[in-house]
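Quick note: to get the working numbering, add 1 to the position in the sequence shown (first position is 1). From the three backbone atoms N, C-alpha and C, an ideal C-beta is built for every residue, glycine too.
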Amino acid sequence: MDQATDPICGMQVDTETALSLTEDGTTHYFCSAGCRDRFAKQHATDQQSDEHSCCHDKPQQRDAATQGNNTRLYTCPMHPEIEQVGPGSCPKCGMDLEPKTVSAEEEEDGTADDMSRRFWVGVALSVPLLILTMGPMVGLRMDPWLSATAAGWLQLTLASPVVLWCGWPLLVRGWQSIVHRSPNMFTLIAIGTLTAFAFSLVAVMLPSLIPAAFYEHDRPPLYFEAAAVIITLVLLGQVLELRARKRTSGAIRELMQLAPKTAHRVTDGGEQDVPLDQIQVGDSLRVRPGEKTPVDGVVREGESTVDEAMLTGEPLPVEKRLGDKVSAGTLNQTGTLLIEAQQVGAGTVLGRIVDMVAAAQRSRAPIQRLVDVVAAWFVPAVIVAALVAFGVWAIIGPEPRLAHALLAAVSVLIIACPCALGLATPMSIMVGIGRGARDGVLIKDAQVLETMEKVDTIIVDKTGTLTEGRPRVVDVVTVESSSKDELLALAAAAEGASEHPLARAIVDAAGERNLQIDEASDFQSTTGGGIEAKVGGRLVLVGKHDYLANSSVPIPQSITERSTELQSTGRTVVYVAADKNLLGVIAIADPIKETTPDTIKKLHKLGLNLVMLTGDAQATAQAVANELGIDDFKAGVSPEDKHDFVQQLRQQGKIVAMAGDGINDAPALAAADVGIAMGTGSDVAIESAGVTLVGGDLSGVVKAASLSRATMSNIRQNLFFAFGYNAIGIPIAAGVLYPAFGWLLSPMIAAAAMSLSSVSVIGNALRLRSVKL
Numbered sequence: 002m003d004q005a006t007d008p009i010c011g012m013q014v015d016t017e018t019a020l021s022l023t024e025d026g027t028t029h030y031f032c033s034a035g036c037r038d039r040f041a042k043q044h045a046t047d048q049q050s051d052e053h054s055c056c057h058d059k060p061q062q063r064d065a066a067t068q069g070n071n072t073r074l075y076t077c078p079m080h081p082e083i084e085q086v087g088p089g090s091c092p093k094c095g096m097d098l099e100p101k102t103v104s105a106e107e108e109e110d111g112t113a114d115d116m117s118r119r120f121w122v123g124v125a126l127s128v129p130l131l132i133l134t135m136g137p138m139v140g141l142r143m144d145p146w147l148s149a150t151a152a153g154w155l156q157l158t159l160a161s162p163v164v165l166w167c168g169w170p171l172l173v174r175g176w177q178s179i180v181h182r183s184p185n186m187f188t189l190i191a192i193g194t195l196t197a198f199a200f201s202l203v204a205v206m207l208p209s210l211i212p213a214a215f216y217e218h219d220r221p222p223l224y225f226e227a228a229a230v231i232i233t234l235v236l237l238g239q240v241l242e243l244r245a246r247k248r249t250s251g252a253i254r255e256l257m258q259l260a261p262k263t264a265h266r267v268t269d270g271g272e273q274d275v276p277l278d279q280i281q282v283g284d285s286l287r288v289r290p291g292e293k294t295p296v297d298g299v300v301r302e303g304e305s306t307v308d309e310a311m312l313t314g315e316p317l318p319v320e321k322r323l324g325d326k327v328s329a330g331t332l333n334q335t336g337t338l339l340i341e342a343q344q345v346g347a348g349t350v351l352g353r354i355v356d357m358v359a360a361a362q363r364s365r366a367p368i369q370r371l372v373d374v375v376a377a378w379f380v381p382a383v384i385v386a387a388l389v390a391f392g393v394w395a396i397i398g399p400e401p402r403l404a405h406a407l408l409a410a411v412s413v414l415i416i417a418c419p420c421a422l423g424l425a426t427p428m429s430i431m432v433g434i435g436r437g438a439r440d441g442v443l444i445k446d447a448q449v450l451e452t453m454e455k456v457d458t459i460i461v462d463k464t465g466t467l468t469e470g471r472p473r474v475v476d477v478v479t480v481e482s483s484s485k486d487e488l489l490a491l492a493a494a495a496e497g498a499s500e501h502p503l504a505r506a507i508v509d510a511a512g513e514r515n516l517q518i519d520e521a522s523d524f525q526s527t528t529g530g531g532i533e534a535k536v537g538g539r540l541v542l543v544g545k546h547d548y549l550a551n552s553s554v555p556i557p558q559s560i561t562e563r564s565t566e567l568q569s570t571g572r573t574v575v576y577v578a579a580d581k582n583l584l585g586v587i588a589i590a591d592p593i594k595e596t597t598p599d600t601i602k603k604l605h606k607l608g609l610n611l612v613m614l615t616g617d618a619q620a621t622a623q624a625v626a627n628e629l630g631i632d633d634f635k636a637g638v639s640p641e642d643k644h645d646f647v648q649q650l651r652q653q654g655k656i657v658a659m660a661g662d663g664i665n666d667a668p669a670l671a672a673a674d675v676g677i678a679m680g681t682g683s684d685v686a687i688e689s690a691g692v693t694l695v696g697g698d699l700s701g702v703v704k705a706a707s708l709s710r711a712t713m714s715n716i717r718q719n720l721f722f723a724f725g726y727n728a729i730g731i732p733i734a735a736g737v738l739y740p741a742f743g744w745l746l747s748p749m750i751a752a753a754a755m756s757l758s759s760v761s762v763i764g765n766a767l768r769l770r771s772v773k774l
């Protein structure tokens, strides 16, 4: 059996049974019609128009990109208009391009591996370089082992691989930013490091070109360590960024794996297991107990209960009978169903959720950092200042004019080298994220901290977010002749063999009271009604009002009224009878977490508007909203409704944070400006969110908001330090104070000032460790 790789999703397919398409003499194989059609559309687009492709006018580059069936489209997360076939970097901002579609299986990430390899090589060479250059400052003398000349050549040997090999991708991006006239951080990095490296190279190879007046300890200064360390720090940031972006595709991959791989197709000839992509609309499919529903369809035979928590987020299973609709990925529990397929593949509810999460994640382009905005003006200004300094010194400076002019220009460029500028944001983010982790608030990336500060609306799911997320017995009402313990013990005995969440709640309640639970026999279940069993010689019935009434159990009016009152507050009521005599009712609900009321008050104090979205019934949602003082709520909403509601608020200009815990929340979490997942929730919700609250406690939202405000304030202070040193140092380095005071700023002093600005930034960032959340 020959295998081939689907060029769109990367799946392995059998060439004998897979769909195929021949383009330009090459036959490609696909796992589904959707992948085949997408490939055909992309191929036609590539042939007809190169309007948005970075490979335009570069046929050799395009051919290389498409080798190995790599025909996937990649786009820039910051500039979505940039698209090309195969991976690469954005010509505008320098960021790595990411695929527009995610495959079901995790892929090898060559870019991340390559960047990580360059970083570790940089670390291995930069550490001895720092010891060599900074050792004398702490009393470590190199004179007994190395002459000044030998030390210079050793520094050159260590720094060259770091700058020219490890930093090559960064230098290429810096060059691209210049070619495309789009200055950014990589422009600063390339100019600063190459200037420091080139000056040091001249100082080692042709020291006579450096005026003796600038010598220190009878030798010209070297800046190899500055260039190498800057490159290594930037590579660290790139590695962390690539890892964070890799995790964002995990949410989509988790969703794609929810549907089963095969389905039981029923035909006149019997039943056959077939791959899911071969299922057609109208096919009859059998779903057995414990299996996931393969497609969206309608029940044609059988009765069962189906766990739809992955779609609705609600813990209670839903009864399904003839004519009821079922959704792909939901779990069939008790009975066998025969369904007719109505939506398959991308057309299912699950498929649409996958598409929404993918689209929302692509639309969440990182906010253009303040550093990059300023860099667009800062970089040209620094270059102009260096050129002006060179020209003035070359024309009217003291002899040797050319050497002094060169040193003035180098001093300007070195003091403007973005070491502190590069550290200003990452250091605060690093410390801030660590501070949040100590309090159980896990931040996915810097974008979250930037945006969380501006949030004005918090959307919360009910189940698992405001509430505990599992049913519990909250009240027991008995008739005069029975006791609560007797009622619970009998009900728990009868329900002992059931896996229904309500049954589990009753059994747990009896266990918490240490009640003796007898063994039941003759167990019988009626779907959608209730159960009966023999317990200690007594016939026990547990179920709905109508189930007991149809079993000739008289129900007092007082119990009926009390049950109605409980149901109006969102409780689920279960009736219990023994030997045709009603014992009472058990009220079951998903209780509100103890910390929720206080957290709601704190969020209101922060000036945040709270909205609750839930798939639960109107009465239950109303009761919870009234009890907690929620500003607004919507009940009975689907995953698509939640997603659309988030989009509506954002279109109105709101900055929205969404807190949830279920798979049903994933589209809304991804669409929100900030997604906040409960750590006790589903993996998909956690992958889709930017913030994860480890304890599953909504109070973490307050901590996340406080942390964001403290971190962003710290970043602004750091940027002030970084730009402040540049604003003062650049004019001095250019020599504007020389006519009046005779002051010059040598490259060594410029490097010291640059280091001092970095120390200031680091020290200020470390203050975040003690911030109170």
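I think residue i touches residue j, with their Cβ atoms under 8 Å apart; what is that distance to the nearest whole Å?
i	j	result
Lys1	Asp617	For the chain, the structure presents residues 2 to 774; residue 1 sits outside this window and is missing.
Ser483	Gly585	6 Å
Leu338	Gly303	4 Å
Ala735	Ala382	Wrong, their Cβ atoms sit about 11 Å apart, outside the cutoff.
Ser127	Ala229	5 Å
Leu614	Ala706	That pair is no contact at about 19 Å.
Gly701	Gly336	Not quite, the Cβ-Cβ distance comes to about 40 Å (not below 8 Å), so this is no contact.
Gly123	Val163	5 Å
Lys581	Val554	5 Å
Thinking just about the alpha-carbon of each residue, which of the options is nearest to the one in residue i?
i	options	result
Ala590	Phe187, Leu583 and Val575	Val575
Leu491	Gly544, Gly441 and Thr600	Gly544
Asp599	Leu629, Leu259 and Arg118	Leu629
Asn333	Pro318, Leu323 and Gly324	Pro318
Leu259	Arg220, Ile397, Ala386 and Thr331	Thr331
Leu549	Arg514, Thr306, Ser526 and Leu650	Ser526
Ile132	Met116, Ala152, Arg119 and Asp115	Ala152
Arg182	Cys91, Cys167 and Arg301	Cys91
Gly271	Leu277, Pro261, Asp278 and Asp284	Asp284
Gly637	Val282, Val554, Thr621 and Pro740	Thr621
Ile677	Ala669, Asp642, Val692 and Leu407	Val692
Leu503	Asp523, Ala534 and Ala588	Ala588
Val240	Asp115, Val760 and Asp509	Asp115
Val477	Arg514, Gly654 and Val267	Arg514
Thr528	Ala438, Glu520, His501 and Cys167	His501
Leu489	Ser639, Ser569, Arg289 and Leu583	Leu583
Val307	Lys321, Gly661, Ala690 and Arg119	Lys321
Return the chain-ordered list of same chain residues with a C-beta closer than 8 Å to the C-beta of residue i, the five sequence neighbours on each side being excluded.
i	result
Gly298	Leu286, Lys326, Val327, Ile340, Glu341, Ala342, Gln343 and Gln344
Buried or exposed for residue i, please, with buried defined as at least 16 other CB atoms from any protein chain shown within 10 angstroms of its CB.
i	result
Glu562	exposed
Glu496	buried
Asp698	buried
Asp269	exposed
Leu720	buried
Thr150	exposed
Gln48	Caution applies to Gln48, whose pLDDT of 49 falls short of 50 and renders its modelled position unreliable; the model cannot decide the point.
Gln649	exposed
Ser559	exposed
Lys1	A question about residue 1 goes unanswered here, because the residues of the chain that appear run from 2 up to 774.
Ala347	exposed
Glu533	buried
Thr233	buried
Lys262	exposed
Val760	exposed
Closer than 6 Å by C-beta to residue i: which residues in its own chain qualify, once you throw out the five before and the five after it? Chain order, please.
i	result
Gly512	none
Thr134	Glu226
Ser364	A caution first: Ser364 carries a pLDDT of 42, below 50, which makes its placement in the model unreliable, though a value can still be read off. Closer than 6 Å at the Cβ level, and outside the excluded window around Ser364, lies no residue.
Ala410	Ala387, Ala390 and Phe391
Ala197	Tyr224, Ala227, Ala228 and Ile415
Kindly list the residues whose CB is nearer than 7 Å to the CB of residue i, restricted to its own chain and excluding five residues on each side of it in sequence; keep chain order.
i	result
Glu52	Caution is warranted here: a pLDDT of 40 is assigned to Glu52, below 50, making its placement in the model unreliable, and the coordinate value is therefore given only provisionally. Once the five neighbours on either side are set aside, Glu52 has no close Cβ partner at all.
Legend entry - Touch test, the segment 462-470 against the segment 713-730, Cβ-Cβ under 8 Å, three pairs minimum: no
Inset, instruction - Pair every Cβ in the segment 667-676 with every Cβ in the segment 453-461, then say whether three or more of these pairs are closer than 8 Å. - result: yes
Legend entry - the segment 196-210 contacting the segment 145-163, beta-carbon criterion three pairs below 8 Å: Look at the beta carbons and you see the segment 196-210 touching the segment 145-163: at least three pairs across the two are nearer than 8 Å.
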